[in-house]
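Asks:
In the working numbering, the protein residues as written are 14 to 540.
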């Protein structure tokens with residue numbers, strides 16, 4: 014031990030002297046993950062070396078001091094028993110993905126219907142591929158309403174419950190706090206180390222304050238010594254949740270201490286089908302990174318929609334052509350750069366609002382986030398005005414697409430529903446259709462009158478003078494020119510996603526798209 018400590022002190026001395034040569038002060042916050050930039054350390058100290066660490070399917074690059082590197086848990090990640098608290102749209106998928114990678118998983122939820130479904134090998138919610146994955150792994154999946162029971166037999170628990178926004182746009186943690194109390198009480202009776210992972214999206218500062226405090230107060234134990242704590246949100250989209258969980262762009266871990274982060278990294282590594290970067294930091298940075306990612310993406314979407322509106326005013330302009338070109342610039346990239354429709358869903362709008370609310374609360378101007386939301390609303394209003402401009406007297410508007418995106422039944426902040434509400438505020442009669450989200454749409458729109466719900470896209474098109482395609486469902490891509498022909502006058506198609514073949518349309522159809530300007534007299538295919 015004396016020899017080890019001597020080498021450790023010698024190594025630390027060399028390390029710090031390397032920083033002094035650069036006339037910088039290095040402050041290491043113990044057990045919080047605030048390590049200096051390892052790339053700078055590697056360049057400026059001979060005591061640092063590049064050491065790739067591979068866990069299962071994940072190749073993670075980690076740069077660490079060889080003598081300060083912590084011991085990885087003695088238990089292999091494959092032997093961990095995991096608890097997933099919250100079996101909704103994301104939690105059910107997380108439980109299934111863990112089980113599919115050979116973990117024994119206990120799901121926890123107060124909803125007895127969800128619990129019964131999982132125990133019967135069935136999916137508690139609708140999501141692409143979920144039913145099959147649960148059926149294939151039912152032997153490793155069980156569920157309960159008793160959180161204490163789950164915690165006692167598990168090595169790590171993942172909290173993935175809702176964090177609804179308040180009137181300011183701030184995420185509330187009442188459900189996370191309730192779960193943390195239950196876990197804390199269970200930890201009080203548990204003698205072995207347990208890792209708690211907050212996956213629900215929370216405001217910066219929440220994990221290390223209110224959540225950690227509850228866990229410590231209820232358990233009578235110390236975070237970092239008796240139990241671990243991490244914040245690790247998912248970056249997924251409904252309809253592709255399982256695919257996104259298995260193929261993340263990067264892994265974000267906010268850690269109370271290195272042991273917590275190591276254990277979580279080893280668990281998540283088994284679930285990934287591809288190599289991805291691993292970013293580990295303290296809680297507040299990870300919490301901020303989560304909402305910053307979505308806020309940046311919404312800004313990019315709004316820019317693409319603004320560009321599309323500009324292109325519509327210029328002869329021969331095409332937003333797709335321009336976006337494809339500027340997306341080649343590595344500073345920009347092509348993802349989410351397609352002018353089409355306002356963003357929606359349960360994450361993008363509220364994350365952007367939460368970021369703006371947090372900034373205002375701290376005395377920072379949130380002009381960019383606020384402008385993003387204004388542009389998003391503008392895009393919806395722009396489409397409504399386009400429909401009004403081409404709607405004949407006594408005509409009806411068909412909205413094809415009521416979910417917020419293809420592949421899901423979710424209608425939260427759906428652009429299609431927002432368009433419905435705006436057009437109905439002007440008493441315009443509507444025909445609505447969606448391949449999967451009809452029931453949810455009916456519940457959301459039950460107070461509105463003069464709305465018809467069609468049984469198919471063809472039926473909706475037949476009864477309308479103006480058709481707005483808001484979601485690129487495969488069923489809509491199958492619509493042919495003959496479905497739009499009419500003896501009652503010209504029909505207008507507003508194809509937000511450019512999924513139909515304009516060239517095949519007859520003269521009785523006016524085909525309009527988002528982001529394309531009028532054709533000039535000298536227009537050619539080469540333009």
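No residue lacks a Cβ here, since even glycine has one placed at the ideal position from N, Cα and C.
Report buried or exposed for residue 261, applying the criterion of at least 16 other Cβ atoms within 10 angstroms of its Cβ.
Replies: In the chain shown, residue 261 corresponds to position 248, counting from 1. Result: buried.
Asks: Nearest-angstrom Cα distance between residue 268 and residue 187?
Replies: As a working mapping, residue 268 is identified with position 255 in the chain shown. As a working mapping, residue 187 is identified with position 174 in the chain shown. So the two alpha carbons sit approximately 22 Å from each other.
Asks: With distances taken from CA atoms, which of 464, 105, 452 is nearest residue 254?
Replies: As a working note, residue 254 is residue 241 in the chain shown. Of the listed residues, the one whose Cα sits closest to residue 254 is 105.
Asks: Considering residue 296, what are the terminal residues of the beta strand (DSSP E) in which it resides?
Replies: Indexing the chain shown from 1 puts residue 296 at position 283. Segment 296-324 is the alpha helix (DSSP H) holding residue 296; no beta strand (DSSP E) there.
Asks: Comparing alpha-carbon positions, which option in 124, 92, 123, 138 lies nearest residue 109?
Replies: On the chain shown, residue 109 is found 96 positions in, with the first residue counted as 1. Closest by alpha carbon: 138.
Asks: Here's the rule: buried if 16 or more other CB atoms are within 10 angstroms of the residue's CB, otherwise exposed. What is residue 337?
Replies: By 1-based counting over the chain shown, the position of residue 337 is 324. Per the 10 Å Cβ criterion, exposed.
Asks: Helix, strand or coil, according to DSSP, for residue 197 in the structure here?
Replies: Translated into the one-based positions of the chain shown, residue 197 becomes position 184. If DSSP states are grouped into helix, strand and coil, residue 197 belongs with the helices.
Asks: What is the DSSP secondary structure of residue 4, reduced to helix, strand or coil?
Replies: For the chain, the structure presents residues 14 to 540; residue 4 sits outside this window and is missing.
Asks: Helix, strand or coil, according to DSSP, for residue 222 in the structure here?
Replies: Mapped onto the chain shown, residue 222 falls at position 209. If DSSP states are grouped into helix, strand and coil, residue 222 belongs with the helices.
Asks: For residue 356 and residue 314, which I take to be in contact (beta-carbon distance under 8 Å), what is that distance rounded to the nearest angstrom?
Replies: The count along the chain shown starts at 1 and reaches residue 356 at position 343. The count along the chain shown starts at 1 and reaches residue 314 at position 301. Contact flag correct, Cβ pair sits at about 5 Å.
Asks: Under a Cβ-count criterion, where at least 16 other Cβ atoms within 10 Å of its own Cβ denotes burial, should residue 532 be classed as buried or exposed?
Replies: Mapped onto the chain shown, residue 532 falls at position 519. It counts as exposed.
Asks: For the beta strand (DSSP E) that contains residue 94, what are its first and last residues?
Replies: The residue labelled residue 94 in the question sits at position 81 within the chain shown. First-last of the beta strand (DSSP E) with residue 94: 94-98.
Asks: Starting from the C-beta of residue 168, find all residues in its chain whose C-beta is less than 6 Å away, skip the five residues before and the five after it, and write them out in chain order.
Replies: Within the chain shown, the letter at position 155 stands for residue 168. Cβ neighbours of residue 168 beyond the five flanking positions: 93, 94.
Asks: Taking the alpha carbon of residue 433 as the reference point, which residue from 426, 425, 476, 443 has its own alpha carbon closest?
Replies: Within the chain shown, residue 433 is the residue found at index 420, counting from 1. Considering only alpha carbons, the answer is 443.
Asks: Any idea if residue 405 is buried or exposed, counting beta-carbon neighbours within 10 angstroms, 16 or more meaning buried?
Replies: Within the chain shown, the letter at position 392 stands for residue 405. Its Cβ having fewer than 16 others within 10 Å, residue 405 is exposed.
Asks: Out of 179, 202, 175, 201, which has the shortest C-alpha to C-alpha gap to residue 190?
Replies: In the chain shown, the residue the question calls residue 190 occupies position 177. The shortest C-alpha separation from residue 190 is found at 175.
Asks: Do residue 498 and residue 541 come within 8 Å of each other at the CB atom, strictly closer than that value?
Replies: No information on residue 541 is available, as it lies outside the stretch 14 to 540 that the chain covers here.
Asks: Please determine if the region 421-436 and the region 388-406 are in contact, where contact requires at least 3 C-beta pairs separated by less than 8 Å.
Replies: Segments in contact, yes.
Asks: Please confirm if the region 204-222 is in contact with the region 268-282, defined as three or more CB-CB distances below 8 Å between the two stretches.
Replies: Segments in contact, yes.
Asks: Closest to residue 147 by C-alpha separation, out of 407, 163, 529, 119, would be which residue?
Replies: By one-based count along the chain shown, residue 147 stands at place 134. Among 407, 163, 529, 119, the Cα nearest to that of residue 147 is on 119.
Asks: Rounded to whole angstroms, what is the Cα-Cα separation between residue 207 and residue 284?
Replies: Looking up residue 207 in the chain shown gives position 194. Looking up residue 284 in the chain shown gives position 271. Spanning the two alpha carbons is a distance of roughly 20 Å.
Asks: With respect to 7 Å, is the separation between the Cβ of residue 440 and the closest non-hydrogen atom of the ligand HEM below this value?
Replies: As far as ligands go, the structure on display features none, and thus does not contain the ligand HEM.
Asks: Would you list the residues sitting across from residue 267 in a DSSP beta bridge?
Replies: Residue 267 sits at position 254 when you count from the first residue of the chain shown. 244, 294.
Asks: If you measure between the beta carbons of residue 4 and residue 326, is that distance less than 8 Å?
Replies: In the structure displayed, the chain extends from 14 to 540; residue 4 sits before or after that span and is not available.
Asks: Classify residue 122: buried if its beta carbon has 16 or more other beta carbons within 10 angstroms, exposed otherwise.
Replies: Translated into the one-based positions of the chain shown, residue 122 becomes position 109. Residue 122 is buried by the Cβ-count criterion.
Asks: With DSSP collapsed to three states, give me the class of residue 424.
Replies: On the chain shown, residue 424 is found 411 positions in, with the first residue counted as 1. Coil.
Asks: Counting C-beta neighbours from all protein chains within 10 Å, is the total for residue 463 16 or more, i.e. buried, or is it exposed?
Replies: Within the chain shown, the letter at position 450 stands for residue 463. Exposed, because fewer than 16 other Cβ atoms sit within 10 Å of the Cβ of residue 463.
Asks: Does DSSP put residue 511 in a helix, a strand or coil?
Replies: As a first step, residue 511 must be located in the chain shown, where it is residue number 498. Residue 511: coil per DSSP, three-state reduction.
Asks: Please classify residue 405: does DSSP put it in a helix, a strand, or coil?
Replies: Position 392 of the chain shown, counting from 1, holds the residue named residue 405. It is coil, neither helix nor strand.
Asks: By the three-class DSSP mapping on this structure, what secondary structure does residue 207 have?
Replies: Here residue 207 corresponds to residue number 194 of the chain shown, with the count starting at 1. Three-state result, residue 207: strand.
Asks: Step through the CB atoms of chain D and report whether any lies within less than 8 Å of the CB of residue 371.
Replies: Among the chains of the structure shown, chain D does not appear; only one protein chain is present.
Asks: Distance, Cα to Cα, residue 72 vs residue 344?
Replies: As a working mapping, residue 72 is identified with position 59 in the chain shown. As a working mapping, residue 344 is identified with position 331 in the chain shown. Per-residue confidence for residue 72 stands at a pLDDT of 35, beneath the threshold of 50, marking its modelled position as unreliable; the derived number appears in the next sentence. The alpha-carbon atoms of residue 72 and residue 344 are separated by roughly 26 Å.
Asks: Do the region 450-458 and the region 377-385 meet, that is, are 3 or more Cβ pairs less than 8 Å apart?
Replies: Cβ pair count under 8 Å is below three, so no.
Asks: What do you get for residue 133, buried or exposed, if any count of 16 or more other CB atoms within 10 angstroms of its CB means buried?
Replies: Taking the chain shown and counting its residues from 1, the one referred to as residue 133 is at position 120. With fewer than 16 other Cβ atoms within 10 Å, it is exposed.
Asks: In the structure shown, what three-state DSSP assignment does residue 45 receive?
Replies: For the purposes of this step, residue 45 is identified with residue 32 of the chain shown, where counting begins at 1. With a pLDDT of only 35 at residue 45, under 50, the local geometry of the prediction cannot be trusted, and no value is derived from it.
Asks: What is the rounded straight-line gap between the Cα of residue 504 and the Cα of residue 517?
Replies: As a working mapping, residue 504 is identified with position 491 in the chain shown. As a working mapping, residue 517 is identified with position 504 in the chain shown. Straight-line Cα distance between these residues: approximately 14 Å.
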